[in-house]
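Counting in the numbering used here, the sequence shown runs without a single skipped number right up to 236 at its last residue.
Don't be surprised by glycine CBs; every beta carbon is placed ideally from N, CA and C.
Please read these numbers as outputs of a predicted model, since none were measured by experiment.
Worksheet: one structure, shown below.
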Amino acid sequence: MTYGDPTDHALATIASILEPPENRRDSEKAAIAEQRPAVPPPLPTAPAPVEAHGYSKHGPGPMAAIRFKWTVRLDHGDYYVDETIGENSAPVVSGPMSREAAIQMVDDCERDARRRFEQLKSEMSGRGAAA
106 MTYGDPTDHA LATIASILEP PENRRDSEKA AIAEQRPAVP PPLPTAPAPV EAHGYSKHGP
166 GPMAAIRFKW TVRLDHGDYY VDETIGENSA PVVSGPMSRE AAIQMVDDCE RDARRRFEQL
226 KSEMSGRGAA A
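What follows is the structure, encoded as C-alpha cells:
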C-alpha cells in the first residue's frame with residue numbers, strides 16, 4: 106500500500122468504529138502495561154517542558170468526522186483529558202490528574218490508536234492477499 110491509499114482510509118474508519126469507548130480504556134491500559142520497557146530510556150540532557158494546557162493529538166483516520174482527538178485542559182489547577190470523536194462531539198472527560206499524567210495519557214492513547222490501526226490494516230491486508 107502507498108501513503109494516502111484509500112484502503113488506509115477505510116481501515117481507519119473501521120478501526121475507529123469497532124471498539125466502543127469503555128472497551129478502549131481497558132485495552133489502552135493493557136497495551137500501556139505491555140509497552141513499558143524493563144529499563145527506562147535515558148533522559149535528554151536539557152528537556153524542554155511541554156505546555157500541557159492545549160496539548161493534543163489525533164488518532165489515525167481519513168475522515169475528520171470520526172477521528173479521535175485527545176486534548177489536555179487545565180481547570181482550577183487540575184488537568185483533564187477530553188477525548189472526542191469528530192469535531193462536534195461531546196467529550197469524554199478523564200481526570201483530574203497531574204500535568205505529567207495528562208500528557209502521558211494523551212501520548213498513550215494516540216500511540217495505542219495507531220498500533221490498533223496498523224494491526225487492523227495488517228490483518229485486513231493479509232486476508233485480501235490470501236483471497
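**Study point:** Cβ-Cβ separation, Val-177 to Val-211 (assumed contact under 8 Å), whole Å
**Key:** Taking the first residue of the sequence shown as position 1, residue 211 is located at position 106. Taking the first residue of the sequence shown as position 1, residue 177 is located at position 72. Right, the Cβ-Cβ distance comes to about 6 Å (below 8 Å), so this counts as a contact.
Exercise for review: Can you tell me which of the three DSSP states Met-168 falls into?
Suggested key: The sequence position of residue 168 within the sequence shown is 63, counting from 1. The answer is coil: DSSP assigns Met-168 none of H, G, I, E or B.
Point to revise | Element boundaries [beta strand (DSSP E), containing Tyr-160] | key: Your numbering for residue 160 matches position 55 in the sequence shown. Premise fails: Tyr-160 is in no beta strand (DSSP E) and is neither H nor E.
Point to revise | Glu-192 versus Cys-214 - alpha carbon distance | key: For the purposes of this step, residue 192 is taken as residue 87 along the sequence shown, with counting starting at 1. For the purposes of this step, residue 214 is taken as residue 109 along the sequence shown, with counting starting at 1. Just so you know, the alpha carbons of Glu-192 and Cys-214 end up roughly 18 Å apart.
**Study point:** Range covered by the beta strand (DSSP E) that runs through Gly-200
**Key:** To locate residue 200, count along the sequence shown from 1; it is residue 95. Unbroken beta strand (DSSP E) run through Gly-200: 197-202.
Review point. Which residue from Gly-200, Met-202, Gly-164 and Trp-175 puts its Cα closest to that of Glu-223?
Key: Walking along the sequence shown from the start, residue 223 turns up at place 118. The shortest C-alpha separation from Glu-223 is found at Gly-164.
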